[in-house]
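K.L.:
Let me begin by handing over the structure; questions about it come next.
There are 2 protein chains.
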Amino acid sequence: MPLGLRERKKLRTRETIARVALDLFDRQGFRATTIAEIAEAADVAPRTVSAYFPAKEDLVFADQDEICDALAARLDQRRPGETAIDALRNWIVENLPAWEAREPELRTRRRVIESDDGLRNYGRRFHLRAQEIVATAIARDLGGSPDDLEVRMAAAATAAVLDVLGELRDRFHEESAATGDVSSRRDEAIALVDRALVFVGAGVRALRER
Amino acid sequence: MPLGLRERKKLRTRETIARVALDLFDRQGFRATTIAEIAEAADVAPRTVSAYFPAKEDLVFADQDEICDALAARLDQRRPGETAIDALRNWIVENLPAWEAREPELRTRRRVIESDDGLRNYGRRFHLRAQEIVATAIARDLGGSPDDLEVRMAAAATAAVLDVLGELRDRFHEESAATGDVSSRRDEAIALVDRALVFVGAGVRALRER
DNA sequence: AGCGAAATCGCAGTCTCTGCACGATTTCGT
DNA sequence: ACGAAATCGTGCAGAGACTGCGATTTCGCT
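Here the protein sequences line up with chains A and B, keeping their order. FYI, in the working numbering the residues of the first sequence are 27 to 236. FYI, in the working numbering the residues of the second sequence are 27 to 236.
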């Protein structure tokens, strides 16, 4: 189903509002920007903004839900023999090009988030969502429940990698904005996840062996 | 300094407001309870409630800041030779009696938090604060920076124990409300932290040995 | 062209939170 | 003990986010 014109228009409106909002947030600050301003800049009614984004904060995290869904689907449908963390690494590698393409936007978003306490806080719900997704996948590997302590610890440690990954992008961009060495960035991302793999693997093994 | 009359009165007012608010939240729901209602029940002006608690959510997490401060102080002032996780375990053991005494209140609070999505989300800031505190302490043990991946993973895994600890209290209370076997609860809490110790220790060692 | 559904919008209202100013109380220095 | 200064509780006014409801417009399809 190729998405009717109605759907496309809706998507486009949503995307426009989010884009305009992010730009205003970046220039004026999150708190200092009102819904009314965003509506005007996006050429819609204030009521429409609220219809698309129940909370002002959602304007910033517009696509996080989809990303989490994608991660969940990828981990859930991993092929037999591929561990949860392997799948996570592969998912990251598969998505690096797409993230590259959106780098300016992602950097702006990060800047906006960092600038506001409540916003940074709000974003943690997605971190936790990701952590739960990882926990579910790891639980399947280990044959336990997502509520088991060792599964939780493993998931928490693994999810920590995702944060570092985001920071890595910024650092890279600052250090080697000119070079644009995509492959080394890719390698570093992979190395990161591999370290998580080692850490978690050793931790779980140590608990199991007692 | 034995805290002047002014200070005591202030503390008492603050405590009264928080207590009354928690009760109303538990009976009517968080969203359904207005600041005005809380003010009336606590016999203060609505403006006063906002003066003490900048955000409505703070009414629920009234003491979390102090607890985090206490944890930070305990970890910071641990004696030489006591690792960060040792200190965490000891801190927990030292505080178990105090938590026992407040069990009904803590259970009510947990119930209220679980009942509201935004509230549950809001609470994560304290989880993260604790995680950062642990990260700082672990970084000192390991001689690294709190931003290092391995330190973060270790801290994230360790902080996961704190969540499980909270759930443990509820489960215990349901299973053995009659027995009130405090010592076995204590043992289980200790065992929990010890497993974290094993997990994190093995993980860090594995990363170091490569 | 026209009909039904869906998107957009306007309006009114609720609620949280803030800045400011004023009176009352407490504290402190002498 | 007494007056000055700090602090607290409070009332008021207002900004801004968000919601429910109903009207209006737009669109897809026949």
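Where is the CB? At the ideal position from N, CA and C, for every residue including glycine.
What is the residue span of the alpha helix (DSSP H) that B/V119 lies within?
P.N.:
Here the question's residue 119 of chain B lines up with position 93 in the second sequence. Here the alpha helix (DSSP H) through B/V119 covers A110 to A127.
K.L.:
Taking Cβ positions only, does A/F225 come closer than 7 Å to chain B?
P.N.:
Reading the first sequence from its first residue, position 199 is the one you call residue 225 of chain A. Yes, A/F225 lies at the interface with chain B (some Cβ there is under 7 Å from its Cβ).
K.L.:
Count the CB pairs spanning the stretch 103-111 of chain A and the stretch 150-166 of chain A that are closer than 8 Å, and state whether there are at least three.
P.N.:
Verdict: yes, contact present.
K.L.:
Whose C-alpha, out of A/R236, A/A215, A/I216 and A/P172, is nearest the C-alpha of B/R221?
P.N.:
Mapped onto the second sequence, residue 221 of chain B falls at position 195. The candidate whose alpha carbon is nearest that of B/R221 is A/R236.
K.L.:
In angstroms, rounded to a whole number, what distance separates the CA positions of A/A65 and B/F51?
P.N.:
Taking the first residue of the first sequence as position 1, residue 65 of chain A is located at position 39. Taking the first residue of the second sequence as position 1, residue 51 of chain B is located at position 25. Going by the C-alpha atoms only, they are around 34 Å apart.
K.L.:
Look at the alpha carbon of B/D189 and the alpha carbon of B/V219, and state the distance between them as a whole number of angstroms.
P.N.:
Here residue 189 of chain B is taken as the residue at index 163 of the second sequence, counted from 1. Here residue 219 of chain B is taken as the residue at index 193 of the second sequence, counted from 1. Each residue's alpha carbon lies about 12 Å from the other.
K.L.:
From B/D91 to B/A98, what distance separates their C-alpha atoms?
P.N.:
In the second sequence, residue 91 of chain B corresponds to position 65, counting from 1. In the second sequence, residue 98 of chain B corresponds to position 72, counting from 1. Whole-angstrom Cα-Cα distance: 10 Å.
K.L.:
For B/V187, return the contacting residues in chain A, with the cut-off set at a CB-CB distance below 9 Å.
P.N.:
Position 161 of the second sequence, counted from the start, is the residue given in the question as residue 187 of chain B. Per Cβ cutoff of 9 Å: L175, R178 and M179.
K.L.:
Tell me, please, whether the CB atom of B/V190 is closer than 7 Å to any CB atom in chain A?
P.N.:
To locate residue 190 of chain B, count along the second sequence from 1; it is residue 164. By this cut-off, B/V190 is an interface position.
K.L.:
Counting only beta-carbon atoms, is A/M27 nearer than 7 Å to chain B?
P.N.:
As a first step, residue 27 of chain A must be located in the first sequence, where it is residue number 1. Because A/M27 carries a pLDDT of 45, less than 50, the predicted location of this residue cannot be relied on, and the following value inherits that uncertainty. A/M27 does not count as touching chain B.
K.L.:
If you draw a straight line from the alpha carbon of B/V177 to that of A/V46, how long is it in whole angstroms?
P.N.:
Along the second sequence, one-based indexing puts residue 177 of chain B at 151. Along the first sequence, one-based indexing puts residue 46 of chain A at 20. Cα-Cα distance, rounded: 38 Å.
K.L.:
How is the alpha helix (DSSP H) around A/A88 delimited, first residue to last?
P.N.:
Along the first sequence, read from residue 1 onward, the residue named residue 88 of chain A stands at position 62. Here A/A88 belongs to no alpha helix (DSSP H), and DSSP marks it neither H nor E.
K.L.:
Rounded to a whole number of angstroms, what is the C-alpha to C-alpha distance between A/S171 and A/R115?
P.N.:
Taking the first sequence and counting its residues from 1, the one referred to as residue 171 of chain A is at position 145. Taking the first sequence and counting its residues from 1, the one referred to as residue 115 of chain A is at position 89. So the alpha carbons of these two residues sit roughly 22 Å apart.
K.L.:
So does A/V46 have its beta carbon nearer than 6 Å to some heavy atom of the ligand NAP?
P.N.:
By its list of ligands, the structure shown contains no ligand whatsoever, and the ligand NAP lies outside what it can speak to.
K.L.:
Run through chain B and tell me which residues come within less than 8 Å of A/A222, C-beta to C-beta.
P.N.:
As a first step, residue 222 of chain A must be located in the first sequence, where it is residue number 196. Here the neighbours are L175 and M179.
K.L.:
Applying a beta-carbon distance threshold of less than 9 Å, which residues of chain B neighbour A/L97?
P.N.:
Locating residue 97 of chain A in the first sequence gives position 71, where the first residue counts as 1. Per Cβ cutoff of 9 Å: no residues; A/L97 is ~18 Å from chain B at best.
K.L.:
Going along chain B in order, which residues have a C-beta closer than 9 Å to the C-beta of A/R151?
P.N.:
Sequence index remark: in the first sequence, residue 151 of chain A carries index 125 (1-based). Those within 9 Å of A/R151 in chain B are D143, R146, N147 and R150.
K.L.:
Classify A/T59: buried if its beta carbon has 16 or more other beta carbons within 10 angstroms, exposed otherwise.
P.N.:
Counting from 1 along the first sequence, the entry for residue 59 of chain A is found at position 33. Classification of A/T59: buried, given that the 10 Å Cβ count is 16 or more.
K.L.:
Of all the options A/I43, A/D213, A/C94 and A/R231, which has the alpha carbon lying nearest to the alpha carbon of A/G149?
P.N.:
Residue numbering aside, residue 149 of chain A sits at position 123 when the first sequence is read from its first letter. Checking every option, the nearest Cα to that of A/G149 belongs to A/C94.
K.L.:
Would the beta-carbon of B/F225 fall within 7 Å of that of B/R211?
P.N.:
By one-based count along the second sequence, residue 225 of chain B stands at place 199. By one-based count along the second sequence, residue 211 of chain B stands at place 185. No, they are not a contact pair.
K.L.:
Could you check the C-alpha separation between B/D69 and A/R137 for me, to the nearest Å?
P.N.:
Position 43 of the second sequence, counted from the first residue, corresponds to residue 69 of chain B. Position 111 of the first sequence, counted from the first residue, corresponds to residue 137 of chain A. Approximately 43 Å, taken between the alpha carbons.
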